[in-house]
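With positions in the sequence shown counted from 1, the corresponding number in the numbering used here is that position plus 18.
Quick reminder that beta carbons are idealized off the backbone N, C-alpha and C, glycines included.
Shown next, in structure tokens, is the structure this report addresses.
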Amino acid sequence: MGFACGREWYTFGMPLLAIETTCDETAAAVVTRGREVLSSVVASQEQLHARWRGVVPELASRAHVERILPVIDEAVARAGIGFAGIEAVAVAVTPGLVGSLLVGLAAAKGIAATFRCPIVGYDHVAAHLYACRLTHGDAIRYPSVGLVASGGHTSLFLVRGPLELDRLGGTIDDAAGEAFDKAAAILGLGYPGGPEIERVAAGGDPRAHRLPRPLASDRERLDLSFSGLKTALRYLVRPPGAPADLPTPQGRERADLAASFQQAAIDAIVAKVDLALAKTGCRCLLVGGGVAANTLLRDSLDELGRRRGVPVFMPPRSLCTDNAAMGAIAWERLEQGADDGLALDVRPGTDRSAARRSDVRSAEPRQGV
Ligand code: KG4
Ligand code: ZN
């Protein structure tokens with residue numbers, strides 16, 4: 019099956035083309051069966067959505083339509099192959115914005131039909147955790163506790179295997195990244211808010227304001243909540259009844275607020291990861307999603323891991339935020355001979371109505387939902 023190209027991977031057969039358009043990044047990557055990333059291209063829509071301080075679904079879909087083909091072409095070209103050199107195409111089909119998902123799926127189907135190769139749908143959230151496998155390989159042990167903290171999701175999982183995720187808990191309102199984005203808006207900072215808060219917080223005192231850590235002290239539930247923290251910040255910046263022309267804090271005052279918010283949000287997450295490790299007895303922690311790019315979170319989880327004697331696996335920052343390299347998870351099914359065929363459909367929502375145990379096990383896409 020392989021073809022001579024002077025690279026070591028050809029002995030493993032041809033690589034996979036993965037496509038990711040769940041939200042506001044248009045991404046494509048080429049990954050070998052040995053999980054080597056030959057190329058990874060991400061076209062961000064941050065500029066497009068910045069003025070709205072959040073993702074506008076219709077704008078996102080239209081931008082995906084414009085970018086998907088150039089992004090795929092570039093990924094294939096950078097990998098030094100042609101389309102005929104692709105073993106299969108993988109595409110994120112759940113969860114995400116329906117219009118965005120459909121653009122990636124249509125492109126994937128076009129390639130699968132033209133080049134007569136298998137097509138496999140994968141779960142974006144499970145893929146965030148699979149990003150750990152790209153850098154840490156077989157060092158990862160199962161079962162693990164998995165934390166996915168991103169702009170759309172914040173969940174804790176019992177990870178029995180790459181495709182077997184049992185949801186243990188997660189946010190009951192805003193996702194962690196969404197809270198960072200809203201806090202940045204309150205403080206007059208740019209979008210996406212996470213990196214902005216982190217940058218400004220570096221010059222502030224995290225003990226300047228005592229903000230709430232909602233649910234953190236509840237040692238029963240593995241649920242998280244960020245909306246109360248966000249509201250507390252809002253009232254610190256603009257107390258009820260404050261004049262409309264009250265200026266947004268600047269300089270040291272803003273840095274202290276950003277640092278205090280960041281500390282509270284990270285403390286709340288780390289408390290629940292600690293609880294999840296205690297409740298499950300797992301000896302391994304996997305972390306993924308955009309918020310996992312946050313240095314305070316990374317350092318705090320590393321410290322937690324040291325304290326508990328549990329190895330902590332986090333992807334490099336570039337593989338925390340949305341990318342298609344993590345679509346390498348599709349190899350887990352392709353190696354079993356999977357082919358979802360051209361009837362493959364998207365599943366925009368996370369299925370929480372089904373028993374929570376099998377929440378993400380549905381990484382094997384259901385057809386026509
Ligand atoms: O995983 P991701 O790229 O997209 C989703 O699947 O949602 O995550 C994006 C989120 C945004 O809310 C962004 O503000 C947050 O991740 N984020 C961060 C950092 N970098 C990105 N949050 C905190 N600190 C960061 N350094
Ligand atoms: Zn994501």
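Residue i versus residue j: straight-line alpha-carbon distance, rounded
i: G139; j: T132; result: 17 angstroms
i: L120; j: S62; result: 18 angstroms
i: A226; j: D191; result: 26 angstroms
i: V228; j: S278; result: For clarity, residue 228 is Arg in the given sequence; the question names Val instead. Each residue's alpha carbon lies about 7 angstroms from the other.
i: V116; j: P366; result: 5 angstroms
i: L431; j: P161; result: No answer is possible for residue 431: the residues shown for the chain start at 19 and end at 387.
i: G246; j: A36; result: 38 angstroms
i: R326; j: A296; result: 9 angstroms
i: H67; j: G206; result: 15 angstroms
i: V143; j: P261; result: 43 angstroms
i: L322; j: T298; result: 15 angstroms
i: T313; j: A286; result: 15 angstroms
i: L152; j: L264; result: 48 angstroms
i: V111; j: R270; result: 44 angstroms
i: I90; j: Y209; result: 26 angstroms
i: S371; j: P113; result: Unreliable positioning characterises S371 in this predicted model, as indicated by a pLDDT of 39, which lies under 50. The coordinate reading is nonetheless provided below. Near 14 angstroms, if we compare the C-alpha coordinates of P113 and S371.
i: G222; j: A356; result: 51 angstroms
i: G103; j: L181; result: 26 angstroms
i: C302; j: T266; result: 43 angstroms
i: A126; j: V328; result: 39 angstroms
i: P258; j: L251; result: 12 angstroms
i: S173; j: A45; result: 23 angstroms
i: C194; j: G128; result: The question names Cys, but residue 194 in the sequence shown is Ala. Going from the Cα of A194 to the Cα of G128 covers about 35 angstroms.
i: D358; j: G122; result: 15 angstroms
i: D363; j: C135; result: 17 angstroms
i: V73; j: G169; result: 10 angstroms
i: L304; j: L315; result: 13 angstroms
i: A22; j: E64; result: A caution first: A22 carries a pLDDT of 40, below 50, which makes its placement in the model unreliable, though a value can still be read off. If you take the alpha carbons of A22 and E64, they lie about 39 angstroms apart.
i: P85; j: E92; result: It should be noted that the sequence gives Arg, not Pro, for residue 85. If you take the alpha carbons of R85 and E92, they lie about 11 angstroms apart.
i: F175; j: C41; result: 22 angstroms
i: Y148; j: A346; result: 8 angstroms
i: Y184; j: L165; result: Per the sequence shown, the amino acid found at residue 184 is Asp instead of Tyr. The alpha-carbon atoms of D184 and L165 are separated by roughly 12 angstroms.
i: I137; j: D236; result: 44 angstroms
i: V291; j: F244; result: 15 angstroms
i: V60; j: E43; result: 6 angstroms
i: P33; j: L293; result: 39 angstroms
i: L87; j: P333; result: 27 angstroms
i: Q385; j: A361; result: Any reading at Q385 needs caution, since the residue's pLDDT is 30, under 50, leaving its predicted position unreliable; the model's value is listed next. Approximately 7 angstroms between the Cα atoms of the pair.
i: R375; j: H171; result: Caution applies to R375, whose pLDDT of 32 falls short of 50 and renders its modelled position unreliable; the value that the coordinates give is listed next. Each residue's alpha carbon lies about 17 angstroms from the other.
Residue i CB to nearest heavy atom of the ligand MG below 7 angstroms
i: V309; result: This structure lacks the ligand MG; its bound ligands are the ligand KG4 and the ligand ZN.
Heavy atom of the ligand KG4 within 7 angstroms of residue i beta-carbon
i: P261; result: no
i: F198; result: yes
i: C150; result: no
i: P18; result: With the chain covering only 19 through 387, there is no way to say anything about residue 18.
i: G221; result: no
i: P333; result: no
i: I206; result: Checking the sequence, you will find Gly at residue 206 rather than Ile. No.
i: P75; result: no
i: G355; result: no
i: P267; result: no
i: P213; result: yes
i: C135; result: no
i: G195; result: yes
i: G345; result: no
i: E54; result: no
i: G445; result: Because the chain here runs from 19 to 387, residue 445 falls outside it and cannot be looked at.
i: G170; result: yes
i: C302; result: no
i: P210; result: yes
i: E64; result: no
i: E38; result: no
i: E92; result: no
i: E216; result: yes
contact_flag[the segment 86-100, the segment 42-56] where n(CB pairs < 8 angstroms) is 3 or more:
Contact holds: three or more Cβ-Cβ distances are below 8 angstroms.
Let me have the residue list for the ligand ZN: C-beta closer than 6 angstroms to any non-hydrogen atom, ordered along the chain.
H142, H146, S168, G307, D340
Sufficient close CB pairs (3 or more, under 8 angstroms) joining the segment 189-198 to the segment 210-221
By the Cβ test, the segment 189-198 is in contact with the segment 210-221, since at least three Cβ pairs between them sit closer than 8 angstroms.
Stretch-stretch touch, CB-based, cutoff 8 angstroms, three pairs: the segment 299-310 with the segment 324-340:
yes
Along the chain, which unbroken stretches of the alpha helix (DSSP H) at least 4 residues long are found entirely within the segment 187-264?
194-204, 211-219, 245-255
For the 8 angstroms Cβ check, are there 3 or more pairs between the segment 62-78 and the segment 146-166?
no
Three or more C-beta pairs below 8 angstroms linking the segment 239-253 and the segment 173-189:
yes
Pick out the complete beta strand (DSSP E) segments inside the segment 116-167, 3 residues or longer, and give them in chain order.
Listed in chain order, they are 137-141, 162-167.
Whole alpha helix (DSSP H) runs in the segment 260-334 with 4 or more residues, listed along the chain?
269-298, 313-326
Quick check on the DSSP output: what are the complete beta strand (DSSP E) runs of length 3 or more inside the segment 47-95, in order along the chain?
Within the segment 47-95, the complete beta strand (DSSP E) runs of at least 3 residues are 55-62.
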